[in-house]
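Residues -21 to -1, 1 to 495 in mature numbering (1 follows the signal peptide of the UniProt record, and there is no 0) are what the sequence shown lists, from first letter to last.
For every residue, glycine included, the Cβ atom is placed at its ideal position computed from N, Cα and C.
Working notes, structure below.
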Amino acid sequence: MRVAKWLTGLLYQLSLFVTRSWEVHFHPRQEALVRSLASYEVVTPARVNEFGEVFPQSHHFSRRKRSSEALELTPYRTHYRISAYGQLFQLNLSADAAFLAGGYTVVHLGTPARGAEERSAAPPDLRHCFYRGQVNSQQDHTAVFSLCGGLMGTFKAHDGEYFLEPIMKADGSEHEDDHNKPHLIYRQELKRSRFLQSHSPCEVSESQIKKTTSPFHNYSSMNEHLNIKEEIILQYPSKNVSLEDERSQLHSRKKRFLSYPRYVEVMVTADAKMVRHHGQNLQHYILTLMSIVTGNYFDKMVGKLIVITLKKIYIVKSVKEGPVISFNAATTLRNFCLWQQTQNVLDDAHPSHHDTAVLITREDICGSREKCDTLGLAELGTLCDPLRSCSISEENGLSAAFTIAHELGHVFNVPHDDSFKCKEAGIKHQYHVMAPSLNYHTSPWTWSKCSQKYITEFLDTGHGECLLDKPNGRIYDLSSQLPGLMYDVNQQCELMFGPGSQVCPYLVRKILSFCL
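Right, dumping it as structure tokens:
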């Protein structure tokens, strides 16, 4: 017993030593993130079976080159165990690439060699990177991850949101031992940043009611930056009428939003600063963010009927290409909206048509020269408007996925959760996706009753007609396929016990089969 305790203590001290050695060897791209965190831990996820039993080291995530090489076999379901922050988290994950349109494309603008765009289909292996599931078998504790090259994603627990990503070596090289690859885990909480200052509420009309102090990054909608009252911003295209005028028609409509799905076809643009920061991993990183965004909209409060589908990605490699981006958030949004329209096909049935456009930038966008705490910007209620259905989001880590989901909410005409309009609805403040700032008091995975009310009204009054068409091409919804349809019994044995394993031929008639 004493020997066992001594060995346990020795292993613990060794783990602390190894952890500390990892902490001081971050790649410069991760170092800035680490400095901004109030706390973090270095962990090594362990692949386990559904009962929590650890697999042999050869069955952890494997290094995958993001290229056109042949696909490796990937399990339909997989499980990982993470020990962090004094807790044990078991991730129960299933393959899910449904957020990718069947024929989605990637467009490169301003490549150094040609100075022109290059169009290429997405590497097929990336579709098999993405998984979705629950934590500790809790239905409401969502987990969304990419398993290529490690675990990169986010999950929800009883005490908030956690982010997990592989630690990059300081020299940029791969870790020699993939089975013990260190990962960075951190919580969505107060960060040490230069944005710790007081701000008044976002909405102009509400600023006369009260003042609040928030030491966190803020979200904004376009009318807040332009100091225009919301009633003016909510002028829809001439073929539509205002929400107020159509409320009386709600009960006369036969088809309500909550009775059938809406498909939001998204175009994502990443600017030159994103290219410089993420390098060759940019496409994989964008897909991971959009996978998380899709999870945000797969929520029971909105009927699990809003399907976010990624149609195309524009990667702008040169500042001379693409939209003009500056620190001014309102100007950048306006420039991006004008530019994205030139990249769209107005015919809703065309394979290259997108319903809304998202700009992801590493530019420090600002509401004004004195106020640079803005994370994103969008105009209210512009979905399906070819010119104005667009939003911008500042990328500062995996939490940018929540910013993108939030700004898309504004495009759906959803106000902030602390808006006076939510008060008028007789609903107490609930800080969810549409919280005015992202911090540890918010629940960015779920929608408030107020958000549900405004999304439902917006769509029921006919302002989301472009979302009725199902995306063309095959949708890779791996979650609808049973494991036995994807891999035969011998392939399943190889997934569990390594190459060359197969079902014992003498036990085929037994209830239980064994692998050799």
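>> Going by DSSP in three states, Cys127 sits in which element: helix, strand or coil?
In response: coil
>> Using a Cβ-Cβ cutoff of less than 7 Å, which residues in the same chain neighbour Met253 once the five nearest sequence positions on both sides are dropped?
In response: Leu261, Ile339, Thr340, Arg341 and Glu374
>> Can you give me the C-alpha to C-alpha distance between Pro415 and Asp396, rounded to a whole angstrom?
In response: 7 Å
>> Please tell me whether His162 and Val22 are closer than 8 Å, where the distance is taken between their beta carbons.
In response: yes
> Are the Cβ atoms of Ile383 and Leu268 separated by less than 8 Å?
Replying inline: yes
>> Going by DSSP, what residue range makes up the beta strand (DSSP E) through Ala11?
In response: That residue, Ala11, is in no beta strand (DSSP E); its alpha helix (DSSP H) goes Pro7 to Ser15.
>> What does the Cβ neighbour count give for Cys345, buried or exposed, with the cut at 16 atoms within 10 Å?
In response: buried
> So, are the CB atoms of Gln9 and Met147 less than 8 Å apart?
Replying inline: yes
> In chain order, what residues of the same chain lie with their CB nearer than 6 Å to the CB of Ile61, ignoring the 5 residues before and after it?
Replying inline: Val22, Pro24 and Phe68
>> Taking DSSP's pairing of strands, which residues face Ser73 in a bridge?
In response: Arg56 and Arg111
>> Assuming contact is defined by CB atoms lying nearer than 8 Å, are Gly82 and Pro330 in contact in what I supplied?
In response: yes
> What is the C-beta distance between Val85 and Ile292, in whole angstroms, given that I count them as a contact (C-beta under 8 Å)?
Replying inline: 5 Å
>> Does Ala328 pass the burial test, meaning 16 or more other C-beta atoms within 10 Å, or should it be called exposed?
In response: exposed
>> What does the Cβ neighbour count give for Glu185, buried or exposed, with the cut at 16 atoms within 10 Å?
In response: In this predicted model, Glu185 has a pLDDT of only 32, less than 50, meaning its place in the structure is not dependable; the value taken from the coordinates is given anyway. By the neighbour-count rule (16 or more Cβ atoms within 10 Å), Glu185 is buried.
> What are the residues that DSSP puts in a beta bridge with Asn307?
Replying inline: Cys345
> Going straight from the alpha carbon of Glu20 to that of Ile304, what length do you get?
Replying inline: 35 Å
>> Just list the residues that DSSP pairs Tyr165 with in beta bridges.
In response: Phe142
>> Buried or exposed for His87, going by 16 or more other Cβ atoms inside 10 Å?
In response: buried
> In whole angstroms, what separates the C-alpha of Gly351 from that of Ala249?
Replying inline: Contrary to the premise, residue 351 reads as Cys rather than Gly in this sequence. Taking the straight line from one Cα to the other gives about 20 Å.
> Around the Cβ of Leu143, are there at least 16 other Cβ atoms within 10 angstroms (buried) or fewer (exposed)?
Replying inline: buried
> Quick one, are the C-beta atoms of Glu281 and Ile164 less than 8 Å apart?
Replying inline: Before going further, note that residue 281 is Val rather than Glu in the sequence given. Against a cut-off of 8 Å, the Cβ pair of Ile164 and Val281 comes out as no contact.
>> Rounded to the nearest angstrom, what separates Trp318 and Leu325 at their Cα positions?
In response: 14 Å
> Quick one, which of Glu32, Ser15, Leu289 and Met413 has its alpha-carbon nearest Phe381's?
Replying inline: Met413
> Any idea what DSSP makes of Phe68, helix, strand or coil?
Replying inline: strand
>> Give me, in chain order, the residues of the same chain whose beta-carbon lies closer than 8 Å to that of Val114; leave out the 5 immediate sequence neighbours on both sides.
In response: Phe68, Gln69, Leu70, Asn71, His120, Thr121, Ala122, Phe134, Lys135 and Ala136
> Do Val33 and His58 have their CB atoms nearer than 8 Å?
Replying inline: no
> DSSP three-state call for Cys483: helix, strand or coil?
Replying inline: coil
> For Ser422, which residues from the same chain have a beta carbon less than 7 Å from its beta carbon, with the 5 sequence-adjacent residues on both sides left out?
Replying inline: Tyr410 and His411
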